[in-house]
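Engineer:
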């Protein structure tokens, strides 16, 4: 059997389910092909390297979708299986299209879609609702990881009202350990605070609003962030004070949300990609986690 036939057989026998997180689907493919080694599997699917999972729109995923489903299904998979219906409201459509064209054309893209994404990637976790898992086993014979649960600011399964179990992406090395991914005992229940619940509420509201409605809301909020009594483009005492307060708040927020990354939270809070000016600029995209943390800071925590 040649490689193309083998890949076709894999995709015909392991079907991508609606709202299934695409990286977890690749783990299912790998489990199906457990007769071959990880490197052979990656070569077969033309995945050039086993990058850490958790990126918003990785090249390997775009390539895999276009090769095996065709260009006409890219938007569908992005929205349903790669959280596009969540993060697309934080970026203009033409910017996403340009990035996708660069990915499919194998041109340099800077690897990630959002500027702050590389900084936040180590904080990312894979999340699992036990009830959803059991339901998918009954329906499909396999456990399916829900894509909507994988947003960095999702902490609760609203269908079953259960706290999502988590596992840091740092525990995975690309797709080298497919069986380990499915070990439910390796996923733990985090301690959920009111801050987690506020972020989760905002995340669920974004899904309900839809991309276009929330994109307009983001623009409105970012214009409000820029009001003169709050921020100045010119370096001044007001701006220095804002940045100082924001850095402290960001470190605190990340420590609460990701206690396993406590040592890293303070280090990255001064990273240039996370500066207040980058969040407030209406001319560039903003990472969803960064935007929601700053929104909380602006509405509830900042004292001028």
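Numbering (the numbering used here), first residue to last: 752 to 1055.
Where is the CB? At the ideal position from N, CA and C, for every residue including glycine.
Remember, predicted model here, so these are calculated numbers, not experimental data.
1) Which residues bound the beta strand (DSSP E) around residue 921?
2) For chain C, find out if any of its Cβ atoms is closer than 8 angstroms to the Cβ of residue 949; answer yes or no.
3) Would you kindly report the start and end of the unbroken beta strand (DSSP E) that includes residue 879?
4) Examine the Cβ distances between the region 812 to 823 and the region 933 to 952 and report whether three or more of them are shorter than 8 angstroms.
5) Can you check DSSP and say which residues form a bridge with residue 939?
6) Which same chain residues, not among the five before or five after residue 1063, have their C-beta less than 7 angstroms away from its C-beta?
7) For residue 909, collect the residues of the same chain with a Cβ closer than 8 angstroms to its Cβ; drop the 5 residues on either side in sequence, then sort them by chain order.
8) Note down the Cα distance separating residue 873 from residue 808, rounded to an integer number of angstroms.
9) Give the DSSP-derived three-state secondary structure of residue 866 in the structure shown.
10) Given a cut-off of 8 angstroms on the beta-carbon distance, is the pair residue 875 and residue 821 in contact?
11) Just to confirm the assignment, what range does the alpha helix (DSSP H) spanning residue 789 have?
12) Answer with buried or exposed for residue 829, where buried requires no fewer than 16 other C-beta atoms within 10 angstroms of its C-beta.
13) Starting from residue 955 and walking both ways along the alpha helix (DSSP H), at which residues does that stretch end?
14) How should residue 756 be labelled, buried or exposed, when 16 other C-beta atoms within 10 angstroms of its C-beta is the threshold for buried?
15) So the candidates are 988, 1031, 1007, 1006; which of them puts its Cα closest to the Cα of residue 978?
16) For my contact list, residue 782 and residue 797 are in at a C-beta cut-off of 8 angstroms; report their separation, rounded to the angstrom.
17) So who's on the other strand from residue 771, going by DSSP bridges?
18) Do you know offhand how far residue 827's Cα is from residue 769's?
19) Comparing C-alpha positions only, which one of 1050, 866, 777, 837 sits nearest to residue 1024?
20) Nearest by alpha-carbon distance to residue 838: which of 1042, 938, 1000 is it?
21) Report the rounded CA-to-CA distance for residue 901 versus residue 1034, giving the unit in angstroms.
22) Let me check understanding here. Comparing Cα to Cα, which of 831, 1052, 975, 877 lies closest to residue 922?
23) Apart from the five residues just before and just after residue 895, which ones in its own chain have a Cβ nearer than 6 angstroms to its Cβ?
24) Indicate whether residue 779 and residue 893 have their beta-carbon atoms separated by less than 8 angstroms.
25) Return the residue from the list 841, 851, 836, 843 that minimises the CA-CA distance to residue 1059.
26) What did DSSP end up calling residue 987 once you bin it into helix, strand or coil?
Structural biologist: In short:
1) Run containing residue 921: none; DSSP gives neither H nor E here.
2) Looking for chain C here will not work: only one protein chain is present.
3) 876 to 879
4) Taking a cut-off of 8 angstroms on C-beta distances, the region 812 to 823 does not touch the region 933 to 952, as fewer than three cross pairs fall below it.
5) 917
6) Here the chain covers residues 752 to 1055 and nothing more, so residue 1063 does not appear.
7) In chain order, 955 place their CB closer than 8 angstroms to the CB of residue 909, counting only its own chain and leaving out the 5 sequence neighbours on each side.
8) 16 angstroms
9) If DSSP states are grouped into helix, strand and coil, residue 866 belongs with coil.
10) Against a cut-off of 8 angstroms, the Cβ pair of residue 821 and residue 875 comes out as no contact.
11) According to the DSSP assignment, residue 789 belongs to the alpha helix (DSSP H) that extends over 789 to 795.
12) Buried.
13) 945 to 960
14) exposed
15) 1031
16) Between residue 797 and residue 782 the Cβ distance is about 19 angstroms, and since that is not below 8 angstroms, they are no contact.
17) Its beta-bridge partners are 897.
18) Spanning the two alpha carbons is a distance of roughly 10 angstroms.
19) 866
20) Looking at 1042, 938, 1000, the one whose alpha-carbon comes closest to that of residue 838 is 1042.
21) 27 angstroms
22) 877
23) Excluding sequence positions up to five before and after residue 895, its CB lies within less than 6 angstroms of the CB of 768, 771, 887, all in the same chain and listed in chain order.
24) yes
25) Residue 1059 is absent from the model: the chain starts at 752 and stops at 1055.
26) coil
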